[in-house]
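Trainee: Submitted below is the structure of interest, expressed as structure tokens.
Protein chains: 4
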Amino acid sequence: MEDTATARLLITAPDRPGLVAAVAAFVADHGGNIVDADQHTDDEAGMFFQRVEFRLAGFDLDRSALPAALRAVTEPLGMHWQLRFSDEERRIAILASRQLHCVYDLLGRSATGDLPATVAFVASNHPDFGPAAQRFDVPFHHLPVDPGTRSEQEARLAELATDAGVELIVLARYMQILSPTFVDRFESSIINIHHSFLPAFVGARPYHQAYERGVKIIGVTAHYVTADLDQGPIIEQDVVPVSHRDGVDDLVRMGRDLETVVLARAVRHHLTDRVLVCGRKTVVFG
Amino acid sequence: MEDTATARLLITAPDRPGLVAAVAAFVADHGGNIVDADQHTDDEAGMFFQRVEFRLAGFDLDRSALPAALRAVTEPLGMHWQLRFSDEERRIAILASRQLHCVYDLLGRSATGDLPATVAFVASNHPDFGPAAQRFDVPFHHLPVDPGTRSEQEARLAELATDAGVELIVLARYMQILSPTFVDRFESSIINIHHSFLPAFVGARPYHQAYERGVKIIGVTAHYVTADLDQGPIIEQDVVPVSHRDGVDDLVRMGRDLETVVLARAVRHHLTDRVLVCGRKTVVFG
Amino acid sequence: MEDTATARLLITAPDRPGLVAAVAAFVADHGGNIVDADQHTDDEAGMFFQRVEFRLAGFDLDRSALPAALRAVTEPLGMHWQLRFSDEERRIAILASRQLHCVYDLLGRSATGDLPATVAFVASNHPDFGPAAQRFDVPFHHLPVDPGTRSEQEARLAELATDAGVELIVLARYMQILSPTFVDRFESSIINIHHSFLPAFVGARPYHQAYERGVKIIGVTAHYVTADLDQGPIIEQDVVPVSHRDGVDDLVRMGRDLETVVLARAVRHHLTDRVLVCGRKTVVFG
Amino acid sequence: MEDTATARLLITAPDRPGLVAAVAAFVADHGGNIVDADQHTDDEAGMFFQRVEFRLAGFDLDRSALPAALRAVTEPLGMHWQLRFSDEERRIAILASRQLHCVYDLLGRSATGDLPATVAFVASNHPDFGPAAQRFDVPFHHLPVDPGTRSEQEARLAELATDAGVELIVLARYMQILSPTFVDRFESSIINIHHSFLPAFVGARPYHQAYERGVKIIGVTAHYVTADLDQGPIIEQDVVPVSHRDGVDDLVRMGRDLETVVLARAVRHHLTDRVLVCGRKTVVFG
Chain B
1 MEDTATARLL
11 ITAPDRPGLV
21 AAVAAFVADH
31 GGNIVDADQH
41 TDDEAGMFFQ
51 RVEFRLAGFD
61 LDRSALPAAL
71 RAVTEPLGMH
81 WQLRFSDEER
91 RIAILASRQL
101 HCVYDLLGRS
111 ATGDLPATVA
121 FVASNHPDFG
131 PAAQRFDVPF
141 HHLPVDPGTR
151 SEQEARLAEL
161 ATDAGVELIV
171 LARYMQILSP
181 TFVDRFESSI
191 INIHHSFLPA
201 FVGARPYHQA
211 YERGVKIIGV
221 TAHYVTADLD
231 QGPIIEQDVV
241 PVSHRDGVDD
251 LVRMGRDLET
261 VVLARAVRHH
271 LTDRVLVCGR
281 KTVVFG
Chain P
1 MEDTATARLL
11 ITAPDRPGLV
21 AAVAAFVADH
31 GGNIVDADQH
41 TDDEAGMFFQ
51 RVEFRLAGFD
61 LDRSALPAAL
71 RAVTEPLGMH
81 WQLRFSDEER
91 RIAILASRQL
101 HCVYDLLGRS
111 ATGDLPATVA
121 FVASNHPDFG
131 PAAQRFDVPF
141 HHLPVDPGTR
151 SEQEARLAEL
161 ATDAGVELIV
171 LARYMQILSP
181 TFVDRFESSI
191 INIHHSFLPA
201 FVGARPYHQA
211 YERGVKIIGV
221 TAHYVTADLD
231 QGPIIEQDVV
241 PVSHRDGVDD
251 LVRMGRDLET
261 VVLARAVRHH
271 LTDRVLVCGR
281 KTVVFG
Chain A
1 MEDTATARLL
11 ITAPDRPGLV
21 AAVAAFVADH
31 GGNIVDADQH
41 TDDEAGMFFQ
51 RVEFRLAGFD
61 LDRSALPAAL
71 RAVTEPLGMH
81 WQLRFSDEER
91 RIAILASRQL
101 HCVYDLLGRS
111 ATGDLPATVA
121 FVASNHPDFG
131 PAAQRFDVPF
141 HHLPVDPGTR
151 SEQEARLAEL
161 ATDAGVELIV
171 LARYMQILSP
181 TFVDRFESSI
191 INIHHSFLPA
201 FVGARPYHQA
211 YERGVKIIGV
221 TAHYVTADLD
231 QGPIIEQDVV
241 PVSHRDGVDD
251 LVRMGRDLET
261 VVLARAVRHH
271 LTDRVLVCGR
281 KTVVFG
Chain U
1 MEDTATARLL
11 ITAPDRPGLV
21 AAVAAFVADH
31 GGNIVDADQH
41 TDDEAGMFFQ
51 RVEFRLAGFD
61 LDRSALPAAL
71 RAVTEPLGMH
81 WQLRFSDEER
91 RIAILASRQL
101 HCVYDLLGRS
111 ATGDLPATVA
121 FVASNHPDFG
131 PAAQRFDVPF
141 HHLPVDPGTR
151 SEQEARLAEL
161 ATDAGVELIV
171 LARYMQILSP
181 TFVDRFESSI
191 INIHHSFLPA
201 FVGARPYHQA
211 YERGVKIIGV
221 TAHYVTADLD
231 QGPIIEQDVV
241 PVSHRDGVDD
251 LVRMGRDLET
261 VVLARAVRHH
271 LTDRVLVCGR
281 KTVVFG
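Residue numbers (the numbering used here), protein chains in the order written: chain B, 1 to 286; chain P, 1 to 286; chain A, 1 to 286; chain U, 1 to 286.
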């Protein structure tokens with residue numbers, strides 16, 4: 001039976017002439033049909049980034065033989081790459097605190113098939129999410145935390161994520177700060193939604209800050225989590241106009257819709273292998 | 001104990017000088033504190049529209065005495081009005097066909113308190129929504145329909161809505177056409193989400209039409225349902241940019257996010273008493 | 001001959017019941033027909049803001065008698081107000097440095113009648129704008145400045161503005177900092193366009209900052225100038241999406257279109273008497 | 001002296017494996033450095049589209065030898081292509097009727113260097129544009145037209161365009177319909193700005209139509225002109241929210257800002273060799 005899936009190759013390399021030609025030739029030589037290809041050169045960093053998606057039908061190497069054949073081409077050119085197949089199961093965990101909207105949204109998307117991932121579990125430092133997770137038959141872990149127990153809590157979370165085969169942890173309005181140790185362990189594997197248009201209004205209560213400053217537009221930002229709070233590489237942002245009529249409650253409410261949509265978009269970009277990190281920035285292939 | 005609710009007055013009248021002054025004086029004379037007021041005059045139609053929201057704390061008429069006192073002021077001026085209180089329970093029904101995203105979104109919003117209404121029931125001509133409604137402990141009614149049974153189906157739906165005290169029927173991607181009889185009975189009480197930027201792409205398969213035409217932006221439209229298909233007064237619209245990279249499947253997926261958000265906004269506008277109909281158009285007080 | 005103009009009243013007052021009623025009654029009692037009215041209460045500041053526009057046709061007070069009659073009503077209520085007529089000539093000055101796009105845009109709008117104002121003059125610390133102003137038959141003043149001559153330059157600018165009957169000074173990418181003395185003298189009468197989505201990227205070279213941070217959206221901000229750099233009350237903001245493909249040059253170019261449109265909108269809001277300042281914020285009646 | 005320009009290759013071909021590899025190899029083999037590459041496959045049409053931009057510095061073929069060398073590679077693969085150099089002078093003509101805003105905008109952009117083209121002339125069926133063109137030292141041709149003289153007028157316009165070396169005719173709110181003969185002669189070389197979000201509100205007075213329909217968003221569309229009125233391939237669209245407060249005059253005014261920006265963007269896309277036509281659609285490489 002014909003393989004209907006695609007292979008997705010995400011490549012990073014020091015820039016030099018011939019990179020595009022090498023990858024294109026490799027796919028063509030093995031009978032692959034490229035269905036989508038995009039590339040980017042960061043002149044400042046001197047780095048080359050590429051995403052290539054090709055059909056496995058007609059490709060003359062099978063999945064297990066692909067990595068070695070690819071290495072033969074890419075190693076001499078200094079390329080690093082990630083290879084995924086479109087039909088792999090992807091597993092994520094959701095971490096939240098008290099607000100339910102992003103969690104319901106992600107669970108709903110997973111239930112309807114809109115999110116190409118299985119939600120392995122929901123965890124929270126508050127018990128409130130039990131019913132939400134339960135409605136969608138997703139395991140819930142209550143992981144309370146206080147300053148003295150942070151490292152144990154994070155160890156438990158890491159263990160749960162690893163045991164469940166989770167590749168991405170989604171912070172769906174999780175209001176605790178993760179330790180550098182934890183963050184380093186899950187590098188480029190934790191996506192947070194910050195409720196401001198970063199770098200405006202870093203830190204706490206950004207909607208209050210926005211209200212005080214009298215901005216005419218509010219925004220939200222989805223980014224990979226790094227050890228520097230609110231400084232990680234931005235994946236996606238969006239905004240909505242506001243006016244003097246809107247009080248803090250209105251900003252919070254309007255922001256919720258932005259948060260759910262922007263977080264879902266960022267998670268989808270990650271899960272469809274469209275995001276590469278370049279220093280403090282991302283390349284997101286559309 | 002002090003009444004912390006507000007009264008919301010939605011007024012329609014033939015335009016003439018003094019309307020604003022009359023309402024403002026009525027509220028002021030009874031000790032009311034206006035927290036929000038907005039008005040609009042449609043010069044072509046010669047009509048005046050107003051929304052006034054005032055605190056009941058300090059107001060010297062109780063809720064039951066308000067209508068009669070108001071009539072004494074408004075009748076001589078030819079005003080029609082609707083009076084609602086911010087703490088009333090509002091009840092809606094959701095009608096859907098096969099797609100789950102808007103239904104999950106509305107149920108999630110109702111569960112988190114974001115939507116100021118109780119979902120009395122979900123009904124569908126397909127059985128697929130049973131589990132979704134069940135997850136949220138909302139009654140589900142399977143109301144199959146074929147050309148020969150439309151009038152019975154609609155009669156059953158009307159009966160269910162009336163029995164459940166429903167004031168608004170939300171068509172969350174309901175793919176059946178409602179009869180003029182049904183529509184007339186629920187005038188300005190049925191909100192539909194159409195998956196195009198009306199009046200572009202009326203009728204079936206609008207995302208396919210948009211793809212064929214090669215537009216660079218797609219949109220969706222929430223409107224009150226009238227006997228003229230896709231012609232009802234528009235409450236809310238929004239758009240998202242697309243490109244040549246986006247196939248029909250991408251348009252459908254991107255459109256889903258628009259549909260949920262725009263439908264939820266329109267339903268919220270209705271339930272917070274912000275929408276007045278003026279012929280083929282709406283006045284939506286922001 | 002009938003007066004076809006309108007009167008525009010901008011009111012600020014400590015909030016108390018009856019303010020709307022008092023103004024509405026005043027206009028109605030004199031036979032005025034309100035064509036547009038909007039109001040806002042800032043609960044935190046305890047302040048009331050209102051814009052009322054009414055037709056002079058049919059109004060039984062002539063223009064010169066209006067202020068005294070109005071005072072009789074408003075003084076007891078602690079109201080401050082500004083009264084303008086829609087047919088008054090409004091005069092603005094444009095101050096620029098090296099970049100031409102906002103200047104050409106404003107001159108073009110004035111020439112086509114889109115901007116409801118006469119450009120009294122263009123001034124710049126660089127001589128480059130002579131030809132642009134000349135093309136539109138607008139006087140140009142070259143006002144060079146260095147740290148030692150700032151106060152003389154500002155004195156000359158103030159004199160030019162005063163002599164020319166200018167009510168609004170538009171900083172169309174003027175790269176010099178104005179002294180607190182100058183700014184105080186023209187309070188709420190200087191509009192600046194800052195080329196970032198404030199409060200993100202205050203200070204110099206915001207597009208470079210945005211590029212370094214890797215944001216996915218850039219913006220611009222039009223605000224009244226105060227003694228605190230980039231901190232004045234925001235009148236208007238807008239944004240445009242960007243991607244990893246966009247270098248600094250692209251951000252600059254895309255930003256230019258935003259700057260011209262947002263600055264023109266803010267200037268129009270001011271000239272149509274729609275803006276009131278409330279502390280660090282504005283109320284902009286749409 | 002080193003050549004600092006780039007070559008821009010726009011390729012169209014029936015899709016088949018190996019196309020990307022062939023072009024990439026050609027550039028790499030001659031020492032070219034690709035600075036930007038983008039591609040698209042239209043599965044329905046079975047067509048492949050590509051834009052490749054590479055530096056001429058270091059490229060071992062000179063400009064005159066490039067086409068023949070390229071043909072040797074592309075002809076066997078059935079590729080059609082267009083080759084332009086980034087430092088070529090590009091010449092456009094502007095055709096208008098009565099409204100000045102787009103014309104002033106394009107002339108201003110050309111004067112500031114924002115538009116990478118020389119405006120060879122402005123022509124209009126009305127004499128009103130003489131002063132505008134004169135301000136910018138651009139020739140103006142008054143080409144009056146009535147039903148009996150259309151073919152002569154178009155012949156004169158075609159002659160002017162050809163004599164002036166014009167490659168693109170920009171209809172900046174030109175209200176006359178061009179004949180199929182003229183349109184065919186300048187295939188994919190005439191860009192029109194239509195003042196609606198096509199396909200909504202085709203034909204005359206779209207802002208009036210939008211007002212009557214009560215839409216909550218208005219838009220504009222830049223497209224190549226074809227013999228089918230308002231049906232040509234769309235290059236760019238944008239929108240702006242409106243409300244019940246906005247009368248037809250407001251829509252017209254708000255639309256003007258959209259028209260200028262969207263038309264300028266479409267013209268820039270064309271002049272930077274980013275647009276390929278695929279049947280009724282365009283591929284616009286961002």
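All residues carry an ideal CB built from backbone N, CA and C; glycine is no exception.
Computed from a predicted structure; not experimentally measured.
How would you call A/D137, buried or exposed, if buried means at least 16 neighbouring beta carbons within 10 angstroms?
Mentor: Position 137 of the third sequence, counted from the start, is the residue given in the question as residue 137 of chain A. By the neighbour-count rule (16 or more Cβ atoms within 10 Å), A/D137 is not buried but exposed.
Trainee: Near P/L10, what residues of its chain come up, given a Cβ to Cβ distance below 7 Å and the 5 sequence neighbours on each side ignored?
Mentor: Position 10 of the second sequence, counted from the start, is the residue given in the question as residue 10 of chain P. Hits under 7 Å: R51, W81, Q82, D273 and L276.
Trainee: What is the DSSP secondary structure of P/Q231, reduced to helix, strand or coil?
Mentor: As a position in the second sequence, residue 231 of chain P is number 231, starting the count at 1. Note: P/Q231 maps to coil in three-state DSSP.
Trainee: Could you give the residue range of the alpha helix (DSSP H) that holds P/R71?
Mentor: As a working note, residue 71 of chain P is residue 71 in the second sequence. Note, P/R71: alpha helix (DSSP H), L66 to T74.
Trainee: Name the two residues that bound the continuous beta strand (DSSP E) containing B/S124.
Mentor: Indexing the first sequence from 1 puts residue 124 of chain B at position 124. It spans T118 to S124 - the beta strand (DSSP E) in which B/S124 sits, taken as one unbroken run.
Trainee: For A/G148, name the three-state secondary structure that DSSP assigns.
Mentor: Locating residue 148 of chain A in the third sequence gives position 148, where the first residue counts as 1. In the structure shown, A/G148 sits in a helix (DSSP, three-state: H, G or I).
Trainee: Is the CB-CB distance between P/A22 and P/L56 below 7 Å?
Mentor: Residue 22 of chain P sits at position 22 when you count from the first residue of the second sequence. Residue 56 of chain P sits at position 56 when you count from the first residue of the second sequence. Their beta carbons are not under 7 Å apart, which means P/A22 does not touch P/L56 by this criterion.
Trainee: Residues of chain A with a CB under 7 Å from the CB of B/Q237: which are they?
Mentor: Stepping through the first sequence from its first residue, residue 237 of chain B is reached at position 237. Those within 7 Å of B/Q237 in chain A are V215, K216 and I217.
Trainee: If we count the other Cβ atoms within 10 Å of its Cβ and call it buried at 16 or more, is B/L229 buried or exposed?
Mentor: Position 229 of the first sequence holds residue 229 of chain B. Exposed, since its Cβ has fewer than 16 Cβ neighbours within 10 Å.
Trainee: Could you name the residues of the segment 170-200 of chain U whose beta carbon sits closer than 8 Å to any beta carbon of chain P, in the order they occur along the chain?
Mentor: Answer set for the segment 170-200 of chain U: F197, L198, P199 and A200.
Trainee: Assign P/L251 to one of three DSSP states: helix, strand, or coil.
Mentor: For the purposes of this step, residue 251 of chain P is identified with residue 251 of the second sequence, where counting begins at 1. Note: P/L251 maps to helix in three-state DSSP.
Trainee: Since B/A93 contacts B/A164 with CB under 8 Å, what's their CB separation in whole angstroms?
Mentor: For the purposes of this step, residue 93 of chain B is taken as residue 93 along the first sequence, with counting starting at 1. For the purposes of this step, residue 164 of chain B is taken as residue 164 along the first sequence, with counting starting at 1. That belief holds up - the Cβ atoms of B/A93 and B/A164 are roughly 7 Å apart, short of 8 Å.
Trainee: Going by C-alpha to C-alpha distance, which of A/V220, A/T226, A/R268 and A/K281 sits closest to A/L251?
Mentor: Here residue 251 of chain A refers to the residue found at position 251 when the third sequence is read from its first residue. When only C-alpha atoms are compared, the closest one is A/V220.
Trainee: Between which two residues does the beta strand (DSSP E) holding U/G219 run?
Mentor: Start at 1 with the first residue of the fourth sequence, and residue 219 of chain U comes out as number 219. Residues I217 to Y224.
Trainee: Along chain A, which residues have their Cβ under 7 Å away from the Cβ of U/F136?
Mentor: Looking up residue 136 of chain U in the fourth sequence gives position 136. Ordered by position in chain A, the residues that pass the 7 Å Cβ test against U/F136 are R135.
Trainee: Here's the rule: buried if 16 or more other CB atoms are within 10 angstroms of the residue's CB, otherwise exposed. What is U/H40?
Mentor: As a position in the fourth sequence, residue 40 of chain U is number 40, starting the count at 1. Counting Cβ neighbours within 10 Å, U/H40 comes out buried, since at least 16 surround it.
Trainee: Using the beta-carbon of each residue, which ones in chain U are nearer than 7 Å to B/I34?
Mentor: The residue you call residue 34 of chain B lines up with position 34 of the first sequence. Those within 7 Å of B/I34 in chain U are V20.
Trainee: Who are the neighbours of P/S124 on chain U, taking C-beta pairs under 9 Å?
Mentor: Working through the second sequence from its first residue, we reach residue 124 of chain P at position 124. Going along chain U, no residue has its Cβ under 9 Å from P/S124, so there is no contact; the nearest lies around 28 Å.
Trainee: Cβ atoms of A/T118 and A/R91: under 7 Å apart, would you say?
Mentor: Along the third sequence, read from residue 1 onward, the residue named residue 91 of chain A stands at position 91. Along the third sequence, read from residue 1 onward, the residue named residue 118 of chain A stands at position 118. Yes, the pair counts as a contact, with Cβ atoms nearer than the cut-off.
Trainee: Going by alpha carbons, who is nearest to A/H269 out of A/A28, A/D114, A/P14 and A/L66?
Mentor: Locating residue 269 of chain A in the third sequence gives position 269, where the first residue counts as 1. Here the closest residue by C-alpha is A/D114.
Trainee: Whose C-alpha, out of P/E167, P/D257, P/V20 and P/V242, is nearest the C-alpha of P/F186?
Mentor: In the second sequence, the residue the question calls residue 186 of chain P occupies position 186. Comparing Cα-Cα distances from P/F186 to each of P/E167, P/D257, P/V20 and P/V242, the minimum goes to P/E167.
Trainee: Using beta carbons (cut-off 7 Å, strictly below), is P/R280 in contact with chain U?
Mentor: Taking the first residue of the second sequence as 1, we reach residue 280 of chain P at position 280. Closer than 7 Å to some Cβ of chain U, the Cβ of P/R280 qualifies, so yes.
Trainee: I'd like to know whether the C-beta of U/V275 is nearer than 7 Å to at least one C-beta of chain P.
Mentor: What you label residue 275 of chain U is simply residue 275 of the fourth sequence in a count that begins at 1. By this cut-off, U/V275 is not an interface position.
Trainee: Would you say A/C278 and A/D42 are within 7 Å of each other, going by their C-beta atoms?
Mentor: For the purposes of this step, residue 278 of chain A is taken as the residue at position 278 of the third sequence. For the purposes of this step, residue 42 of chain A is taken as the residue at position 42 of the third sequence. Cβ atoms of A/C278 and A/D42: closer than 7 Å.
Trainee: Could you tell me the distance, in whole angstroms, from the CA atom of B/A25 to the CA atom of P/H223?
Mentor: Here residue 25 of chain B is taken as the residue at index 25 of the first sequence, counted from 1. Here residue 223 of chain P is taken as the residue at index 223 of the second sequence, counted from 1. Between B/A25 and P/H223, the C-alpha separation is close to 53 Å.
Trainee: Just to confirm before moving on: does the CB-CB distance between U/F197 and U/Q209 stay below 7 Å?
Mentor: Locating residue 197 of chain U in the fourth sequence gives position 197, counting from the first residue. Locating residue 209 of chain U in the fourth sequence gives position 209, counting from the first residue. Cβ distance not < 7 Å, so U/F197 and U/Q209 don't count as in contact.
Trainee: Could you please tell me which residues of the segment 83-109 of chain P, in chain order, have their CB closer than 7 Å to any CB of chain B?
Mentor: Listed by position along the chain: L100, H101, Y104, D105 and G108.
Trainee: Please determine, among U/Q176, U/H30 and U/V267, the residue with the shortest C-alpha to C-alpha distance to U/I169.
Mentor: Here the question's residue 169 of chain U lines up with position 169 in the fourth sequence. Comparing Cα positions, the closest option is U/V267.
Trainee: Would you mind sorting U/H101 into buried or exposed? The rule is 16 or more other CB atoms within 10 Å of its CB.
Mentor: As a first step, residue 101 of chain U is located in the fourth sequence; it is residue number 101 there, counting from the start. With 16 or more Cβ atoms within 10 Å of its Cβ, U/H101 is classed as buried.
Trainee: Less than 7 Å separating the beta-carbons of A/P14 and B/R213?
Mentor: Position 14 of the third sequence, counted from the start, is the residue given in the question as residue 14 of chain A. Position 213 of the first sequence, counted from the start, is the residue given in the question as residue 213 of chain B. No, these two residues do not count as a Cβ contact at 7 Å.
Trainee: In its own chain, which residues sit with a C-beta less than 6 Å from the C-beta of P/D60, not counting the 5 before and 5 after it?
Mentor: As a position in the second sequence, residue 60 of chain P is number 60, starting the count at 1. Only H30 and G31 meet the Cβ criterion.
Trainee: Quick check: what's the CA-CA separation for U/F121 versus P/K216?
Mentor: Your numbering for residue 121 of chain U matches position 121 in the fourth sequence. Your numbering for residue 216 of chain P matches position 216 in the second sequence. Spanning the two alpha carbons is a distance of roughly 30 Å.
Trainee: Can you find a CB in chain P that lies within less than 7 Å of the CB of A/Q39?
Mentor: Reading the third sequence from its first residue, position 39 is the one you call residue 39 of chain A. So, interface residue.
Trainee: Any contact between the segment 147-156 of chain U and the segment 236-246 of chain U? By contact I mean 3 or more CB pairs, one from each, below 8 Å.
Mentor: They do not touch, by the three-pair rule.
Trainee: Short of 7 Å in beta carbon distance, which residues of its chain neighbour U/A45, apart from the five on each side in sequence? Order them along the chain.
Mentor: As a first step, residue 45 of chain U must be located in the fourth sequence, where it is residue number 45. Closer than 7 Å at the Cβ level, and outside the excluded window around U/A45, lie C278 and G279.
Trainee: In its own chain, which residues sit with a C-beta less than 6 Å from the C-beta of A/A227, not counting the 5 before and 5 after it?
Mentor: To locate residue 227 of chain A, count along the third sequence from 1; it is residue 227. Only P180 and V183 meet the Cβ criterion.
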